[in-house]
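Counting the sequence shown from 1 gives a position; the working numbering is that position plus 10. C-beta: ideal position from N, C-alpha, C; glycine also. Before any comments, here is the structure.
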Amino acid sequence: MLSNQFILKAFYRPLWLFCILLIAWNSSAQTYIKVKGKVVDAKTSEVIPFASILIQGTNRGTQTDLNGNFFIETSAQHPSIKISIIGYQSQTKTFQTAKDVQQLTVRLQSLNTSLDEVVVKGKKDKYRNKDNPAVQLVRKVIEHKSMNRPEALDFYQYNKYEKLEFDLSNISEKFRNKRSLRKFDFVFNHLDTSKITGKVTLPMYLKETISDVYYRKNPESKKEVITGDKMTGLGGYVDNNGIKLYLEALYQEVNFYDNNILLLAKQFLGPTSPIAPQFYRYAIIDTTVYKDTKCITLGFAPRNTNDQLFQGQMLVAMDSSYAVRKVEMGFSKDINVNFVTDLKIAQEFEFVGDKGLMLTKDDLIIEFNPLKKENGMSLFGQRSVSYHDYKLNVPIVANRFEGYRTEVLKDATQRKDDYWSQARHQPLSTKEMGIYTMVDSVKSVPAFQRFMNTASFLMEGYKPLGAFEIGPVNTFYSFNPVEGLRLRLGGRTTAKFSERMAFEVYSAYGFRDQKWKYFASATLSLTDHNIYTYPIRHLRLSYQNDLKIPGQELQFVQEDNFLLSFKRGINNQRTYNQVWTLDWLRESKSGVAWSAQIKKTIQTPTGSLTYENGLGQTVPQLDNTEFGVGLRYAPNEQFYQGKNYRIPIVNQYPVIQLRYNYSPKGFLGSEYEYSRVMAQMYKRVNIPPFGYTNLTIEGAKLWGKVPFPLLLIHRANQTYSYQLESYNLMNFLEFVSDQYATIFFDHHFNGFFFNKIPLLNRLKIREVATFTGLWGSVSDQNKPSSDNQLLAFPKYANGDPITYSLDHRPYMEMSVGVENVFKILRIDLLKRLSYLDHPNAPSSLAIRFRVKFDF
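Dropping the structure here:
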């Protein structure tokens, strides 16, 4: 491109100047009028969705969205538009040529005819399912949908081009002129006006995918082979692949016929679900002809506008198929969904070779705004999918479906521009083409690099220093009853040091116990990528000498996290642990992960915890060595990979874990022989529109004669935060078992009840309820006595017992609460239901908090 420009300038300057003048003249001749408007009822001022906006003298136009808004662009040769919708008097508006976008509010007068049965927003007390022709029609659609959806075919395949773009929307002049952005002036050269919203936008992210999709009905299988994958990215600052997976979860492929539609990582009850008529209102709006097919325009909307449901319209064929040929739907402005100011799904279906109805248009548009301010800056995202080369009911060889459900060809991310220019179903616009160049230019600006390093430090907790990064910051300072003030400093190497090797270290000092603690690890990646890139396959050797709370294995946070320093009750029963560990982990894209471990631990009691045998003799420490193997199965699992954590993107599949540990007596100083097996299953159960349940079932059994520190110590929580899969009103070391079963039940109602309460529904808060039950026991051989010489269960200074075995009663907790308070806070009122007579048992009622971001 640059060389062509150079040749033109050097050898054909007169021709080049002529072309410039011609383009300039053509631009001035083709003057465009941009109109941004809203259509409302003249009497009630309620917005009117799906009103038709037609450019006079043409067959081009648009429709108002669910909030009555529209944007249209017309040349000065056709300066008039006509606004119309059934039940209202049409209006025509004429405009003058103007430099800026013209604002317009259209007030339509209602016709004096009875429209009780055709208007979606009829009064609630007048709407009935019984004898309602619209409900009868949608029931026919539901009855026939199994025959109309693509999955009714024996085979199908097609080539798919998917484009996902994000723009910063509603860019103001004040924002552009900020001093802090002066070094990024070149970015604003890419500003454009959205043809959908009429707002000034700045492109920020673009992802393109080319793939071949295959489907067979029996046995049912679907496979996607990605042949081309290209996106902008901020490599070195964030996990590009993780962002891609997270955005794909937000912008899921929508199947309109699904009973529950997955979107924004949530499930919404679809308007064609068998139970939809109980929660949706339907109305026959009009009849029309679509692609030579007579159709009925069927409108639908939530009975309660706050509920997490859709509203929109579908075109239903007026024949015996009752097939949906076109659908446009989105959210009501009152829906209980965070950060989303607008959403629109548009799909069209056409016959392919008279064999079946297939998608020909598939657009999903979402506008995000944290404060939901109409004139505030927002993030505008659009997913557009086009389909080519359909082949229906052509048999597909069985081996095509072998391997992973989604397969990425090895060179998919390395495709050259020539490939993309040929493989795209439609060319990129000039604005879209500029995104790749613009993002690369931004990354080279030192001010941007400093900003991203600072943001990474605040969000991830690590400060990069070349090939080494210091962190995590939330562990630098903490406190507890044994150490008093604890200071810690550590860090680890980055990919700049090595893609295959990684080292991590920290050192900490307690000012009360005056002891140093430390940790060091070395990890070797057994793949051709770094140790954090999924799927992980590594070998790790580590040593740790630190203070621990017995039985507390925190999976996602550091135990010396500052926020976890605040605890209720007595919590000074600790141990100094020296731990040598050799770990092997192998993950696969099929969702299966294998692990193996050798772990030697020396536990020395401290604080108020002592080890005494049945003769009253003090035991200075406990020494054991374990071999462990594990299996984890999480089909189709995806997640965002952070610096020191992974955020799973929850799907409909269960996550199953199995683990077996064995300790041979005498090996590396191990004092006891035992074996232990643990099994756990997690599953999210979606029940739209009643919300969803997170269900965890876990059980374990230990064989052998062991002292209480080696029994199964149940996960208690003495902090003031609500911790998932823990017993939030149990004290540390309160219960031990050598066999147990437990259930964690956590149901989120998504505002199903609060949405129906006037005034309260404006707060957008949501209900949550939990139940936790633990059943377990300690066998006679593991109960301390003077005969078996096992360590006595711990006691408080006054002689009251600290540790118990569960008797014939389960330990139980329950809670009710509200979440989405200020969009980030969950507050639970918990009640402990059993073992209330234990010394220092917490109050039977307690309040706990949890920070939780959700849509």
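Cβ-based burial, residue 699 [other Cβ within 10 Å; buried from 16]: Counting Cβ neighbours within 10 Å, residue 699 comes out buried, since at least 16 surround it.
Short CB-CB distance (under 9 Å) between residue 735 and chain C: Judged by its chain identifiers, the structure shown contains no chain C, having just a single protein chain.
Residue interval of the alpha helix (DSSP H) (run including residue 89): Unbroken run through residue 89: none, as it is neither H nor E.
Between the CA atoms of residue 647 and residue 535 - distance to the nearest angstrom: For residue 535 and residue 647, the distance between alpha carbons rounds to 21 Å.
Identity of the residue in 66, 167, 317 and 260 nearest residue 762 by Cα: With distances taken between Cα atoms, residue 762 lies closest to 317.
Rounded C-alpha distance that separates residue 815 from residue 749: For residue 815 and residue 749, the distance between alpha carbons rounds to 10 Å.
Candidates 812, 860 and 717, of which the one nearest residue 847 by Cα: Checking every option, the nearest Cα to that of residue 847 belongs to 812.
Other residues of its chain near residue 596: CB distance less than 6 Å, five sequence neighbours each side excluded: So the list reads 547 and 604, once near-sequence residues are dropped.
Rounded separation between residue 36 and residue 85 - CA only: Note that residue 36 scores a pLDDT of 38, beneath 50, so its modelled location is shaky; the value from the coordinates is reported in the next line. Distance between the alpha carbons of residue 36 and residue 85 is about 13 Å.
Proximal residues to residue 259 (C-beta, below 6 Å), its chain only, five neighbours per side dropped: Non-local beta-carbon contacts of residue 259 in its own chain, meaning distances under 6 Å to residues more than five positions away in sequence, involve 275 and 659 in chain order.
Assigned secondary structure, residue 185 (DSSP; H/G/I helix, E/B strand, else coil): Residue state, collapsed to three classes: helix.
The segment 494-511 contacting the segment 474-483, beta-carbon criterion three pairs below 8 Å: With the cut-off at 8 Å, the segment 494-511 and the segment 474-483 touch.
Cut-off 7 Å between Cβ atoms - residues of its own chain near residue 743, not counting five sequence neighbours on either side: When the five nearest sequence neighbours on each side are left out, the beta carbons in the same chain lying within less than 7 Å of the beta carbon of residue 743 are those of 560, 561, 583, 723, 804, 812 and 813, in order along the chain.
Among 157, 77, 397 and 270, nearest to residue 352 - alpha-carbon criterion: Of 157, 77, 397 and 270, the residue nearest in Cα terms is 77.
Which listed residue (663, 704 and 721) has its alpha carbon closest to that of residue 688: Answer by Cα proximity: 721.
In chain order, each beta strand (DSSP E) run of at least 3 residues that lies wholly inside the segment 302-360: If we require 3 residues or more, the beta strand (DSSP E) runs fully inside the segment 302-360 come out as 303-312, 321-327 and 334-340.
Residues bridged to residue 824 [DSSP beta-bridge criterion]: According to DSSP, which records beta bridges pairwise, residue 824 is partnered with 781 and 841.
Same chain, Cβ closer than 6 Å to residue 488, neighbours up to 5 away in sequence not counted: Leaving aside the five residues that flank residue 488 on each side, the residues in its chain whose CB is nearer than 6 Å to its CB run, in chain order, 496, 570, 572 and 575.
Contact under 9 Å by Cβ, residue 609 with residue 592: In this structure, residue 592 lies closer than 9 Å to residue 609 by Cβ.
CB contact flag (residue 692, residue 665, <9 Å): Yes, the Cβ-Cβ distance between residue 692 and residue 665 is below 9 Å.
Residue 856 beta carbon less than 9 Å from that of residue 839: A contact, by the Cβ cut-off of 9 Å.
Rounded C-alpha distance that separates residue 174 from residue 752: Put simply, the backbone Cα of residue 174 is about 43 Å away from that of residue 752.
Exposed unless 16 or more other CB atoms sit within 10 angstroms - verdict on residue 135: Confidence is the limiting factor: at residue 135 the pLDDT is only 49, short of 50, which leaves the residue's position unreliable and the question unanswerable from this model.
Closest by C-alpha distance to residue 332, when choosing among 405, 728 and 158: Checking every option, the nearest Cα to that of residue 332 belongs to 158.
Residue range of the alpha helix (DSSP H) that includes residue 155: Residues 143-158.
Rounded straight-line distance, which links the Cα of residue 160 to that of residue 370: Looking at the two C-alpha atoms, the distance is approximately 12 Å.
Distance, residue 747 Cα to residue 787 Cα: Residue 787 and residue 747 have their C-alpha atoms roughly 5 Å apart.
For residue 592: DSSP bridge partner residues: Residue 592 pairs with 551 and 608.
Cα-Cα separation between residue 565 and residue 758, rounded to whole angstroms: Low confidence applies to residue 565: its pLDDT is 45, below 50, so where it sits in the model is not reliable, and the reading given next is rough at best. Computed Cα separation, rounded: 23 Å.
For residue 932, the first and last residue of its enclosing alpha helix (DSSP H): The requested residue 932 is not part of the displayed model; the chain covers only 11 to 865.
DSSP beta-bridge partners of residue 430: Per the DSSP secondary-structure output, residue 430 pairs with nothing in a beta bridge.
Simplified DSSP state of residue 133, which is helix, strand or coil: Residue placement at residue 133 is poorly supported in this model, since its pLDDT is 42, which falls under 50; the coordinates are not used for a value here.
Euclidean distance between Cα positions of residue 8 and residue 612: There is no way to answer for residue 8, as the model of the chain reaches only from 11 to 865.
Own chain, CB closer than 7 Å to residue 494, minus 5 neighbours either side, in chain order: Excluding five sequence positions before and after residue 494, the CB atoms of its chain that fall closer than 7 Å to its own CB belong to 520, 521 and 522, given in chain order.
When 202, 343 and 401 are compared against residue 376, the one with the closest alpha-carbon: Per the C-alpha coordinates, the member of 202, 343 and 401 positioned closest to residue 376 is 343.
Status (buried if at least 16 other CB within 10 Å, exposed otherwise) for residue 399: Label assigned to residue 399: exposed.
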